[in-house]
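To start, the structure under review is shown below, and the notes come after it.
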Amino acid sequence: HVRSDAHSIYFNDPIWSNMWYMHCGDKHSRCRSEMNVPAAWKRGYTGKNVVVTILDDGIERNHPDLAANYDAYASYDVNGNDYDPSPRYDASNENKHGTRCAGEVAASANNSYCIVGIAYNAKIGGIRMLDGDVTDVVEAKSLGIRPNYIDIYSASWGPDDDGKTVDGPGRLAKQAFEYGIKKGRQGLGSIFVWASGNGGREGDYCSCDGYTNSIYTISVSSTTENGYKPWYLEECASTLATTYSSGAFYEGKIVTTDLRQRCTDGHTGTSVSAPMVAGIIALALEANNQLTWRDVQHLLVKTSRPAHLKASDWKVNGAGHKVSHLYGFGLVDAEGIVVEAKKWKAVPSQHMCVAASDKRPRIIPIEQTLRTTALTNACADHFDQRVVFLEHVVVRISISHPRRGDLQIHLISPSGTKSQLLARRLLDHSNDGFTNWEFMTVHCWGEKAEGEWTLEVHDIPSQVRNPEKQGKLKEWSLILYGTAEHPYNTFSSHQSRSRMLEISTPELEPSKAALFHKQVEATEDEEDYSAPSIQGSPNILQTSVCHPECGDKGCDGPKADQCLNCIHYSLGSIKTGRKCVNICPLGYFGDSISKRCRRCSRGCETCIGRSQNQCLSCRRGFYYHQELNTCVTLCPAGFYEDESQKYCFKCHPNCKKCVDEPEKCTICKEGFSLAGGSCILDCAPGTYFNSELIKCEKCHSTCQTCVGPGKEECIYCVNNFKIHEKKCVPGCNEGFYFAKVPGFLQKVCARCEENCLHCEGSSKNCVKCKAGFMLVGNTCIANDTCSNAAEMFCEMVKSNNLCERKLFTQLCCRTCLLAG
Amino acid sequence: LRSPTVYTNHWAVEVLGGPAEADRVASAHGYLNLGQIGNLENYYHFYHSKTFKRSTFSSRGTHTFLRMDPKVKWLQQQEVKRRVKR
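Those protein sequence lines, which keep their order, are chains A and B.
According to our numbering, the first sequence holds residues 27 to 846 in order.
According to our numbering, the second sequence holds residues 574 to 659 in order.
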């Protein structure tokens, strides 16, 4: 949570205040969640000593906002085969793209020009490679420029996003990727950041792009200022994280450096997002330059979060990570990444396991789903291939099909996580199928690898097709990437079934259990500081200049940890070492009586005392409870967690529990009932809840309970009244009888059989017929349709069993009917 | 209709034996060796001035002999890839 005013950063760059995605914490901001870039800067990370290069159409190295950070050693012109990556200028300025991307990463700060780059102290270069024939050789050369010098390669291009292309890196470019991650950065691995496809309008799917689909690249997507899906966005299972970018015409624009030393707000699409992530990774590399290429991906998975990004398919995977096909693991958190990076321990080595390989060809039935499963132990028998905790999962597939765009492919992990590897692409009419195409998903990140995997291939024709020409799944292989040990402890506590994110939260114990976290707090060594005696050490000089924070007792040396007492506060303990400070750091408060920095309660970032109810702000992962001034991991009953401000806000007074908003109740207090997400008053019998007047009003006098005032709005009737045509009546009308309906407490008037005036017990048990009908047994028959001959004659007919004969039935209708 | 593949007069060639051997192979078959492709050991960028610069037909002729050279493990005429800025 960024608090404005006291802690806001000011730059004199003219567009700084318009960089809305840096100021989401401000009061009037429309973006509700922060990428926390300024917070990362406040921790001291600005990309110093990190080298980023932009693979594109060149970079204007003398642009006033780029010149200071431009690095010629991180640059090359592959198209022109020289060392100057300056773009080719023409009337249309078509080669502006690289310069625009570069500004986002490392435009200088406080130079009174244009914008501020995310890593404004990083070195920025450009590799000109798009302004000419792009071949496999060109790509491979570009991806392999000085891998031991350049840390991060950012690329905002790819195969055509026309919704019908399937293309990716060629043999050489793939080898360049592999070389980069193995040997680049002195063996730590080059970082490749890639913008995901812009073919949203064309119904494209970015798993048909082999660059974003690669395990070696960090595929980045975009969201708009309001957290909506941009029109250009493609979804797929390989997207890792998201940043803000351009959206609809009324939403915030992205401003950056432009060709001819200008500034532009015309930079759009996922091209914005890849450089942003490149800049944020640069901050992380400054915090910890020993991060490997996989560490960086783990950090993104761990720290990115859904925030308020709107997607219908947010789910929690089996490892507890929230993920969606639009946004990957969610909005990046620059501060979160640098904090985690600082203390990060490298993840265990990557294992690769071909968990399953099935070469049996199978027909894909039209308008049906072909489902095939593979049970695997994830190479448990081979210690150097064994995968226990997943990272990337790749499915290599060969399919022949008359119209490729009709295909949809899913993969379901043992934990139940369903990844959409391919969606239907209506514009793809190709009959090329897929030949050993590798689909990749990150949705199973952290899950256990062992178990049953299911591949589903659906053929859903978008147009009429020859039913005899069916697709065929020729072969498929399941390739698992991951580690044999868990990368960090939190994985082991989150193995569960994948689930869609639920709106309602489970009922909490009131107050205390949720309020106070039960973890054992580290005790601080609280012994009083005492200066070491100088008796017997007559040669210790006390005439040198002490540190400015030292008090009147002097010092043993010039540093802050050599003071004998402090002017303001002392920080630390005898065990860890003490030093004098002006202001206590985050997590501590200044005790003015003892002149010491004392630790805040766990969860507090700033506080005025040690107690749990003396917090002023909270650390990451905690919510601030304003009324109690505490920091909690879960808000107590009657409060909900506000994700944007990280506060516990009060629910509506009628709610016992709510989510996201005060009015969105999930559990009501006693005396209230849940109706359409709101808690309404339980009204007494004989009354109903009037939502307009917001009070209980009387039912009609004949109703015991009702939904409105009218006599036709009864639910139950008062004693001895029965429901008849939605009204409560004292007795049933003619033609109806008093009936008990199974499962329904209320007695109702049910209709008698046709032509019956009164019936009893059941509709068929008529006791009186209407005029013109006579009662024969329990049935009413029209007088003129059933007549009898002489009584004695008919009795003879009956006793001689002659009623079976039609002639006698007609002569003695009544007698025969009565005889059955 | 699919856009036709456009071939160039640039080739990627895998040659065993180091840069000197790559130079020999290139000049023996009328190519110019533009050097190793990035960091990819044994992969070299060859250029042939006699091939059509941009053609929708893959080249025949000299490269067949190049392919038969015992030091050449693999070769590929470079195709222009359609790449869009995002």
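For each residue, glycine too, the CB sits at the ideal point set by N, CA and C.
Fair warning: this is a prediction, and the values are worked out from it, not measured in the lab.
- The alpha carbon of A/Pro487 has as its nearest neighbour, out of A/Thr395, A/Asp52, A/Cys470, A/Lys444, the alpha carbon of A/Thr395.
- Boundaries around A/Tyr205 are those of the alpha helix (DSSP H), 197–209, since no beta strand (DSSP E) includes it.
- C-alpha of A/Glu631 to C-alpha of A/Tyr650: approximately 10 Å in a straight line.
- The contact set of A/Thr161 on chain B, defined by CB atoms closer than 9 Å, consists of Thr581, His583, Ala585, Gln651, Glu652, Val653, Lys654 in chain order.
- Inclusion of A/Ser182 and A/Cys127 in the CB contact set at 8 Å is warranted, their separation being smaller than that value.
- Between B/Leu613 and chain A, the shortest Cβ-Cβ separation is below 8 Å.
- Under a 10 Å Cβ-count criterion, A/Arg211 is classified as buried, with 16 or more other Cβ atoms of the shown protein chains found around its own Cβ.
- Non-local C-beta neighbours of A/Lys190 in its own chain, meaning closer than 6 Å and more than five positions away in sequence, comprise Leu453, Asp454, ordered along the chain.
- Beta bridge pairing from DSSP links A/Lys676 with A/Phe665.
- It is roughly 46 Å from the alpha-carbon of A/Leu259 to the alpha-carbon of A/Phe615.
- Distance from the CA atom of A/Thr250 to the CA atom of A/Gly362, rounded to whole angstroms, is 21 Å.
- Within the model, the alpha-carbon separation for A/Arg227 versus A/Val358 is close to 25 Å.
- When Cβ pairs closer than 8 Å are counted between the two stretches, the region 336–346 of chain A is seen not to touch the region 288–307 of chain A, the count staying below three.
- Here A/Asp110 is exposed. Its C-beta has fewer than 16 other C-beta atoms within 10 Å.
- Straight-line measurement puts the Cα of A/Arg69 at about 10 Å from the Cα of A/Ala313.
- Secondary structure at A/Thr269: strand, using DSSP grouped into helix, strand and coil.
- Using a Cβ-Cβ cut-off of 8 Å, B/Arg659 counts as an interface residue toward chain A, since at least one Cβ of chain A sits closer than that to its own.
- Cβ neighbours of A/Ser383 within its own chain (closer than 6 Å, five residues either side excluded): Ser503.
- For B/His618, the nearest beta carbon of chain A is closer than 8 Å to its own beta carbon.
- DSSP places A/His123 inside the alpha helix (DSSP H), whose first and last residues are 123–132.
- Annotation: Cβ neighbours of A/Leu169 in chain B (cutoff 8 Å, chain order): Gly611.
- A/Cys234 is bridged by DSSP to nothing; it lacks a bridge partner.
- Spatial neighbours of A/His726 in its own chain (CB-CB distance under 8 Å, excluding positions within 5 residues in sequence) are listed in chain order as Cys732, Pro735, Gly736, Lys737, Glu739, Cys740, Cys754.
- Just so you know, the alpha carbons of B/Thr581 and B/Gln651 end up roughly 6 Å apart.
- Per DSSP, A/Lys255 lies in no beta strand (DSSP E) and is assigned neither H nor E.
- By the 16-neighbour rule on beta-carbons within 10 angstroms, A/Gly292 is exposed.
- When Cβ-Cβ separations below 8 Å define contact, A/Gln489 makes no contact with chain B.
- DSSP places A/Leu401 inside the beta strand (DSSP E), whose first and last residues are 395–402.
- In the structure shown, A/Ala181 adopts extended strand secondary structure according to DSSP, grouped into three states.
- Cβ-Cβ separation between A/Tyr146 and A/Gly73: approximately 7 Å, consistent with a contact (criterion under 8 Å).
- Note on geometry: alpha-carbon atoms of A/Cys785 and A/Val802 lie some 13 Å from one another.
- For the 8 Å CB-CB criterion, A/Cys681 and A/Cys674 do not form a contact.
- In this structure, the CA atom of A/Glu60 is about 17 Å from the CA atom of A/Tyr36.
- If you look at A/Ile389, you'll find it in the beta strand (DSSP E) that goes 388–390.
- Between A/Leu317 and A/Ala367, the C-beta spacing is below 8 Å.
- Apart from sequence neighbours up to five positions away, the residues of its chain that approach A/Thr399 with a beta-carbon distance below 8 Å are Glu478, Trp479, Thr480, Leu481, ordered along the chain.
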